[in-house]
Structure formats: structure tokens, C-alpha cells
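So that you can map any letter, position 227 of the sequence shown is 227 in UniProt numbering, and since no number is skipped, the others follow by simple counting.
Where a beta carbon is used, it is the ideal one built from N, C-alpha and C, also for glycine.
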Amino acid sequence: MKLAVSGQVFAGSLTLDQTLETIRKYRVTSIEIWPGNISPLEGASVSPDAYEGRNIMEAKAVLDRHGFEVACVSMSAAFDYEIASDPAKYGAALEYAIEVAAMLGAERVNHYCYNLCLDPEPDMDGLKRIMKPAIRRAEAAGIMLCLENEAHDATRTAEGVLKIVEGMDSSHFKTNFDAANYVHAGQEGFPRAYNLLQEHIAYVHLKNGCIYDSNSGHDPRSKGGNMTGAFAPNDIYYPPLPDGSVNIDGLLQRLRRDGYQGYCTIEPHTKPELAEHYLEIETAYVRERGYFL
1 MKLAVSGQVF
11 AGSLTLDQTL
21 ETIRKYRVTS
31 IEIWPGNISP
41 LEGASVSPDA
51 YEGRNIMEAK
61 AVLDRHGFEV
71 ACVSMSAAFD
81 YEIASDPAKY
91 GAALEYAIEV
101 AAMLGAERVN
111 HYCYNLCLDP
121 EPDMDGLKRI
131 MKPAIRRAEA
141 AGIMLCLENE
151 AHDATRTAEG
161 VLKIVEGMDS
171 SHFKTNFDAA
181 NYVHAGQEGF
191 PRAYNLLQEH
201 IAYVHLKNGC
211 IYDSNSGHDP
221 RSKGGNMTGA
231 FAPNDIYYPP
241 LPDGSVNIDG
251 LLQRLRRDGY
261 QGYCTIEPHT
271 KPELAEHYLE
281 IETAYVRERG
291 YFL
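Below is the structure:
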């Protein structure tokens, strides 16, 4: 297994140069890139969730100069209603993210469902119409599309993710497994969701979560949105990896035992000023257990 760090927490507060320098402090040289990590082209109007109008070649030069690999390109345009409400516009954004991944040497594109299908039951006809052209592009480019589960759309349960992944019927469409996001949805991320999805996991996010409780000393800067399912109407809290409700040790043990050889990406869900505190704890935690050098 390989270790990476998500650049999302630094998007908008640090340049890509500064982001890579920060991540390198923790002996990690692989990054999950987000649109906000890449500067806009001069005069371009950009969405924080898409890559159109961004200076991809400049980013490639910065990554090469720092000796970084791109574990994954994340494209969150499903959260941008203006893009997601137009199937052609969303499809183009997803296809361009695949092109960006190829330019940056990444083998994966992380993407979402959200505004494409907010109902708990997946609208397979609609999702296929939107995603099939991008799937064909991904197959041709040798890029894996990794659908991340979220708490407020059709991916809130492992069953929903399984239905979507199997329905797309492509070896280049799998899931980004995020156990904490299943907790956000009131589900058991590990072992239940993992067991249902194991053969379809192409990428893994490492973060932890639990119910936010101000009386327990939880820092509001690491509070997320409201939970769904059994844990509604509480808000989720994102503590460092050792301290939440997800059995991270068990998850890493199973991934290794099951032969997973891809990236596990640490994803600090907190404010930028706390990001290094999380990275210090979390990189040490996973290394102490012998899973990463």
C-alpha cells in the first residue's frame, strides 16, 4: 500500500508549492490534487470544483520540481449546482478531469454523485446518461473513475454504491472507499460496508469521524455537516485518525490481508490552521503500525 495526503485542506490558503513543501515535512511525496490546488489561467473564471480554466501545465512543472506523484485527481463538480444541473456541462467537466489526470500522470479520478442524484435510491438511467461518455473516455485513457460515498446522496449506503458501480458495468468504474463518510450517513463503514464493496475498491480515504459533542472538548473547527440515517440530526466531528469511531487499525489490516496495493490517502477534514497538527498525528499513527514506510 502507498501513502498520500489530500491537498483539499490547503486549497485556497496555500500555493501548490507551499502545499507540497508542507506535505513533504511528513515524509509523504504523493498528493491527491483538488481544483483549488491549481492556479487559474490569467483572466480565467473558474469553479472551485472543476479544472476548466486552470493552469495544468504549471502545476505539472511544480509537481515535477518537488518530485511528487499524483495519487488521484479529485473533481467535485457534483457539488456545484450550476454544473451538475446541466448533464452536458457535468459530463464535460468529468471528461476534462480524466484528461487532467493523464497530464499529471495520475491513474485515478475521484468524483461524486451529490446533485446528480440526491435521492437515497440511485437513478441508474440518469446516472448512466451522464457518466457513460466519461467512462468510455476513462477506459480509452486507462484511468480509473473512483466514486466516493457521501452522506446526503445516492451513495449514502454501501448498497447504493454497489448498485451504481455494478450498474456502470466497467472495469474502469469503481469506488473510493471512505469509511468515515459511511459513519456520516449513520452506517457501519467497517467492516460491513467494506465487506460489501471490497472487490470494487480502487482507492481509499483515511479519516475518522464520530458524533460532534461540544461537551467532550470537540474543536468546532473540525465539525462537519449534519449526519443522516441513524445518527441524524447530530453533526459529524472529524478527530485525528486514532480518536474516532472507525476501526482504522482493522481497516488497514484487512486492506493488506486482501491484497490491496493502491493508495491510502490521509484526508484532514479540518481548518487549514489545524492541518499540520492532524498530519503529524496521522502519519505517525499509520507508520507506527507498520503499514507504510
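| Query | Result |
| --- | --- |
| Quick check for students: name the residue ranges of the beta strand (DSSP E) that lie wholly in the region 214 to 269, counting only runs of 3 or more. | 223 to 226, 235 to 237 and 263 to 266 |
| Taking buried to mean at least 16 other C-beta atoms within 10 Å of its own C-beta, is Thr15 buried or exposed? | exposed |
| Might you give, ordered along the chain, the residues of its own chain that have their beta carbon closer than 8 Å to the beta carbon of Tyr90, omitting 5 neighbours on each side? | Ala77, Ala78, Ile83, Ala84, Leu116 and Ile130 |
| Between Glu99, Leu127 and Thr270, which lies nearest to Ala138 when the distance is taken from Cα to Cα? | Glu99 |
| With H, G and I counted as helix, E and B as strand and the rest as coil, what does DSSP make of His111? | strand |
| Apart from the five residues just before and just after Pro48, which ones in its own chain have a Cβ nearer than 7 Å to its Cβ? | Pro35 and Gly36 |
| Spell out a yes or no on whether the region 264 to 275 and the region 186 to 201 are touching, meaning 3 or more CB-CB pairs, one atom from each, closer than 8 Å. | no |
| Take every Cβ of the region 173 to 189, pair it with every Cβ of the region 143 to 160, and state whether three or more of those distances are shorter than 8 Å. | yes |
| Taking Cβ positions, are Ala4 and Glu21 nearer each other than 7 Å? | no |
| Looking only at its own chain, which residues have a Cβ that is under 7 Å from the Cβ of Tyr212, when we skip the five neighbours before and after it? | His218, Lys223, Asn234, Asp235, Ile236 and Tyr237 |
| Are there any heavy atoms of the ligand PLP lying less than 6 Å away from the beta-carbon of Tyr81, as far as the coordinates show? | Questions concerning the ligand PLP fall outside what the structure shown contains, since it holds no ligand whatsoever. |
| Just list the residues that DSSP pairs Ile201 with in beta bridges. | Thr175 |
| As a quick exercise: from Pro122, Ala59 and Glu188, pick the residue whose alpha carbon is nearest that of Gly7. | Ala59 |
| Short of 8 Å in beta carbon distance, which residues of its chain neighbour Tyr81, apart from the five on each side in sequence? Order them along the chain. | Asn115 |
| Let me know the secondary structure DSSP gives Arg54 once reduced to three states. | strand |
| What three-state label does DSSP hand Met144 in the structure shown? | strand |
| Nearest to Pro240 by CA position, among Gly160, Gly67 and Glu280, is which residue? | Glu280 |
| My understanding is that Asn208 touches Asn110, with C-beta atoms under 8 Å, so please give their C-beta distance in whole angstroms. | Rounded, the Cβ-Cβ distance is 19 Å, inconsistent with contact. |
| Under a Cβ-count criterion, where at least 16 other Cβ atoms within 10 Å of its own Cβ denotes burial, should Leu293 be classed as buried or exposed? | exposed |
| Can you tell me where the beta strand (DSSP E) holding Ala4 begins and where it ends? | Lys2 to Ser6 |
| Report all residues from its chain with a CB closer than 7 Å to the CB of Ala161; omit the five preceding and five following residues, and keep chain order. | What sits at residue 161 in the sequence shown is Val, not Ala. Closer than 7 Å at the Cβ level, and outside the excluded window around Val161, lie Leu147, Asn149, Thr155, Thr175 and Leu197. |
| Would Ala93 pass as a contact of Ala50 if the rule is Cβ separation under 7 Å? | yes |
| Compare the beta carbon distance of Phe173 and Ile143 with 7 Å and say whether it is the shorter of the two. | no |
| Among the residues of its own chain, which have a CB less than 6 Å from the CB of Cys210, if the five just before and after it don't count? | Tyr237, Gly244 and Ser245 |
| Can you tell me the Cα-Cα spacing of Phe190 and Ala232, whole angstroms? | 19 Å |
| Is Ile281 helix, strand or coil by DSSP? | helix |
| Leaving aside the five residues before and after Val73 along the sequence, list all residues of the same chain whose C-beta is less than 6 Å from its C-beta, in chain order. | Ile33, Ala97, Val100, Ala101, Ala106 and Val109 |
| Return the first residue and the last residue of the alpha helix (DSSP H) that Val165 is part of. | Ala158 to Met168 |
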